[in-house]
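Engineer:
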Amino acid sequence: MTDSGENPTGGTGQVSNTPTFSHVSVMRDEVVSVLAEVPDGLVVDATLGGAGHASALLVANDGLSILGLDQDEQALEAAGTRLGPHGDRVALRHTRFDGLADAVKSVGHTSLSGALFDLGVSSPQLDHADRGFSFRNDGPLDMRMDRSRGRTAAELVNTIDERSLIGILRRNADERQAPRIAKAIVANRPFSTTGELADVVRDAVPAAVRRKGGHPARKTFQALRIEINDELDILENAIQQALDLLAPAGRCAVLSYHSGEDRIVKRLFRDAAGEAPRPRPDLPPPPGSEPTVRLLWRGARKPGHAEVERNPRAEAARFRAVEKLAEVA
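Structure representation (structure tokens):
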């Protein structure tokens, strides 16, 4: 989905008949090309959004069905409308993506032909001020993807201590100005709107920083969103569930949008492919390190120039994918 407060997004698609959740899929053709080649069966779209990827995949391969997961009820409603013509080839579940294994079990499957994770926040979530994700559109300081549970961003910034806030800004966004920003937030609270917070963050950073690199609040909003929704904490578990459920020749594909996400994906895929660094190169690999997948390509693929021109929010996307190896007797 996105790497920052207002960048690209995931589990997506352009929903022409549902204006409340309209979004352009990132690297749609590349994603469909990778997942359309899997064996017939179930593909889980773990971040369904407006269902752009899922819809294209159903058209590309009539041997596949889709299990769509999303914790955003607006997204699920839009996706249901978009995917309705595909009938019983589609099942939807309101859950975070770390509920993947339980969701697969709930539709009567024990394995997957494919899995897609398009991480971050979607364009509609950014563009609708009432969701509280945007530093550009003033609204309630919420940031919850699932508004039925959990603390809001306002509750977090109004109660957290300065040292812990510095840690969140550094861990979730590599924010170099974290001490200045955290000090200003603590000094100016309470906050109730995104505009109030964005203004304080902007004024907290040096003038030279404000003149380059986009809005000074971009990384702060990214860091808070990740913290509120436990995004990095649940990512590793969710991807591991998908890898464990893949059938031979099944594929797992991930679009990430910031370095923290991509590091997790890179490490998990590398480890599953048996390429984890050894403590000593002269020693044999430890037991249990035999590869279970193969990398479909080295490094991360990025969107082309033409796509970024059409959709600037796609610029930060990084695409990785693996294929499950045949089981060894």
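At position 236 of the sequence shown (counting the first as 1) the number is 235 in numbering that gives the first Met the number 0, and the numbers step up by one without a gap.
Note that the Cβ used here is the ideal one computed from N, Cα and C, for glycine as well.
Given the structure is predicted, the values throughout are model-derived calculations rather than measurements.
According to DSSP, simplified to helix, strand and coil, what is residue 117?
Structural biologist: The residue you call residue 117 lines up with position 118 of the sequence shown. Residue state, collapsed to three classes: strand.
Engineer: For residue 39, which of helix, strand or coil comes out of DSSP?
Structural biologist: Here residue 39 corresponds to residue number 40 of the sequence shown, with the count starting at 1. Three-state DSSP puts residue 39 in coil, outside helix and strand.
Engineer: So residue 215 packs on residue 224, CB below 8 Å; how close in whole Å?
Structural biologist: Here residue 215 refers to the residue found at position 216 of the sequence shown. Here residue 224 refers to the residue found at position 225 of the sequence shown. No, residue 215 and residue 224 are not in contact; Cβ-Cβ is about 16 Å, not under 8 Å.
Engineer: Runs of 4 residues minimum, wholly inside the stretch 153 to 201: which ones carry the alpha helix (DSSP H) assignment?
Structural biologist: The qualifying runs are 161 to 172 and 177 to 187.
Engineer: For residue 134, tell me which candidate among 145, 152 and 117 has the shortest Cα-Cα distance.
Structural biologist: Residue numbering aside, residue 134 sits at position 135 when the sequence shown is read from its first letter. Cα-wise, what sits closest to residue 134 is 152.
Engineer: Would you mind reading off the limits of the alpha helix (DSSP H) that contains residue 336?
Structural biologist: Nothing in the structure corresponds to residue 336, since the chain is present only between 0 and 328.
Engineer: May I have the straight-line CA-CA distance separating residue 295 from residue 97, to the nearest angstrom?
Structural biologist: As a working note, residue 295 is residue 296 in the sequence shown. As a working note, residue 97 is residue 98 in the sequence shown. Near 24 Å, if we compare the C-alpha coordinates of residue 97 and residue 295.
Engineer: Report the rounded CA-to-CA distance for residue 165 versus residue 71, giving the unit in angstroms.
Structural biologist: The residue given as residue 165 occupies position 166 in the sequence shown. The residue given as residue 71 occupies position 72 in the sequence shown. So the two alpha carbons sit approximately 28 Å from each other.
Engineer: State the Cα-Cα distance for the pair residue 18 and residue 311, rounded to the nearest angstrom.
Structural biologist: As a working note, residue 18 is residue 19 in the sequence shown. As a working note, residue 311 is residue 312 in the sequence shown. Only weak support is given to the placement of residue 18: the predicted model assigns it a pLDDT of 40, under 50, and the value that follows is read from those uncertain coordinates. The alpha-carbon atoms of residue 18 and residue 311 are separated by roughly 20 Å.
Engineer: May I have the straight-line CA-CA distance separating residue 206 from residue 261, to the nearest angstrom?
Structural biologist: Start at 1 with the first residue of the sequence shown, and residue 206 comes out as number 207. Start at 1 with the first residue of the sequence shown, and residue 261 comes out as number 262. Distance between the alpha carbons of residue 206 and residue 261: 31 Å.
Engineer: Starting from residue 312, follow the beta strand (DSSP E) in both directions and report where the run begins and ends.
Structural biologist: Position 313 of the sequence shown, counted from the start, is the residue given in the question as residue 312. Premise fails: residue 312 is in no beta strand (DSSP E) and is neither H nor E.
Engineer: DSSP on residue 299, reduced to helix/strand/coil?
Structural biologist: One-based indexing of the sequence shown puts residue 299 at position 300. In the structure shown, residue 299 sits in coil (DSSP, three-state: anything other than H, G, I, E or B).
Engineer: Pair every Cβ in the stretch 256 to 271 with every Cβ in the stretch 315 to 326, then say whether three or more of these pairs are closer than 8 Å.
Structural biologist: Touching, yes.
Engineer: Buried or exposed, going by whether 16 or more other CB atoms sit within 10 Å of the CB of residue 255?
Structural biologist: As a position in the sequence shown, residue 255 is number 256, starting the count at 1. The residue in question, residue 255, is buried, as its Cβ has 16 or more Cβ neighbours within 10 Å.
Engineer: Kindly list the residues whose CB is nearer than 6 Å to the CB of residue 59, restricted to its own chain and excluding five residues on each side of it in sequence; keep chain order.
Structural biologist: As a working note, residue 59 is residue 60 in the sequence shown. So the list reads 31 and 35, once near-sequence residues are dropped.
Engineer: Between residue 300 and the rest of its own chain, which residues show a CB-CB distance below 6 Å, the 5 nearest in sequence each way excluded?
Structural biologist: Within the sequence shown, the letter at position 301 stands for residue 300. For residue 300, where only same-chain residues beyond five positions count, the Cβ hits under 6 Å are 318.
Engineer: By how many angstroms is the C-alpha of residue 146 removed from the C-alpha of residue 329?
Structural biologist: This structure leaves residue 329 out entirely; the chain is present only between 0 and 328.
Engineer: Looking only at C-alpha atoms, which of 136, 193, 149 and 219 sits nearest to residue 174?
Structural biologist: For this step, residue 174 is matched to residue 175 along the sequence shown. Taking only the C-alpha atoms, the option nearest residue 174 is 219.
Engineer: Return the Cβ separation of residue 241 and residue 37 in integer angstroms, given the expectation that the two are a contact with Cβ distance under 8 Å.
Structural biologist: Within the sequence shown, residue 241 is the residue found at index 242, counting from 1. Within the sequence shown, residue 37 is the residue found at index 38, counting from 1. Incorrect: roughly 12 Å between the Cβ atoms, too far for contact.
Engineer: In the structure shown, what three-state DSSP assignment does residue 246 receive?
Structural biologist: As a first step, residue 246 is located in the sequence shown; it is residue number 247 there, counting from the start. Correct three-state label for residue 246: strand.
Engineer: Using the three-state DSSP reduction, which class does residue 211 fall into: helix, strand or coil?
Structural biologist: On the sequence shown, position 212 is the one that residue 211 refers to. Residue 211 falls in the coil class under three-state DSSP.
Engineer: So, residue 114 versus residue 245, is the Cβ gap smaller than 8 Å?
Structural biologist: The count along the sequence shown starts at 1 and reaches residue 114 at position 115. The count along the sequence shown starts at 1 and reaches residue 245 at position 246. Yes, Cβ-Cβ distance for residue 114 and residue 245 is below 8 Å.
Engineer: If contacts are defined as beta-carbon pairs under 8 Å, then residue 136 and residue 231 qualify, I think. What distance do you get, rounded to the angstrom?
Structural biologist: As a working mapping, residue 136 is identified with position 137 in the sequence shown. As a working mapping, residue 231 is identified with position 232 in the sequence shown. That pair is no contact at about 25 Å.
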